[in-house]
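In the working numbering, the protein residues as written are 1 to 304.
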């Protein structure tokens, strides 16, 4: 359901209101015997209030979320880019069993850059195959990455960021899978549904750095922001094509990339991150997401 449809349904929600003039006339005419008949009007108002509160509670679930440290392996949290937000993960504990496989959604984290689920599978799996994620408005979100430990059964799934108005209302989401990939590459079919309520961490924008140049290539920053878990950078590159940036130099193996980008934290360590490229008439659009490990400070972006 879209936000417009939600607004239309709320506008069309009809609650019958008694005719105040008719009730007042009857009360005045028979005051001695019917003074107590005002109570049903109070009861009706209470029912209307409960109905409205129920609607608000369903579409605005943020107040129900609980923040807690989730007992997950540190290396998996590091790979998922959640070390900086380990204390901001929402505890969930939703389970679903089908075809002999039990999936448990342990915790979830969301901000304006992504939505991350911490899960456990018993027996262990490689990953759910093309799962669906939907919020309380019926909008669906794409899976962007997954990491699994096929010895422990721990699993991290990363989806695209939740859309407005989830950013300030919170989100009620459902993860649905109908097929699981097993460690040996085979698949098992079933029906797994996991539910979660979670809030979204705010994103703080930062001043844009000046345009940078390496040789004939120019880098113009369009957005720089950070959350408790990530540093997000968007830029437009001119003077090179996507083919140029994706080219690899033969080295007898997979080849060496001619283009690389790293984010260096305030302590001088290169932190994990991912980037994606797209192009249009303006140039090549680069989106970089670095996973914070420590506190705020001066971060350096290194492009070679």
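Each residue gets a CB set at the ideal place from its N, CA and C atoms; glycine is no exception. Small disclaimer: the values here were computed from a predicted structure and weren't measured.
#### Entry: Nearest to residue 119 (by Cα), restricted to the options 257, 87 and 77
77
### Message
Looking at residue 205: is its Cβ nearer than 9 Å to the Cβ of residue 186?
### Response
no
### Beta-carbon separation (whole angstroms), residue 273 vs residue 289, contact threshold 8 Å
6 Å
### Message
If I measure Cβ to Cβ from residue 262 and keep anything under 7 Å in the same chain, skipping five residues before and after, which residues do I get?
### Response
270 and 302
### Task
Please report how far the alpha carbon of residue 192 lies from the alpha carbon of residue 220, in whole angstroms.
44 Å
### Query
For residue 234 versus residue 110, is the C-beta spacing smaller than 9 Å?
no
### Message
I need the straight-line Cα distance from residue 229 to residue 243, nearest angstrom please.
### Response
31 Å
### Check whether residue 217 and residue 285 have beta carbons under 9 Å apart
no
#### Entry: Exposure label - residue 197; buried when at least 16 CB within 10 Å
buried
### Status (buried if at least 16 other CB within 10 Å, exposed otherwise) for residue 89
buried
### C-beta atoms of residue 112 and residue 232 nearer than 9 Å
yes
#### Entry: Distance, residue 114 Cα to residue 203 Cα
11 Å
### Query
DSSP state of residue 258, grouped into three classes?
coil
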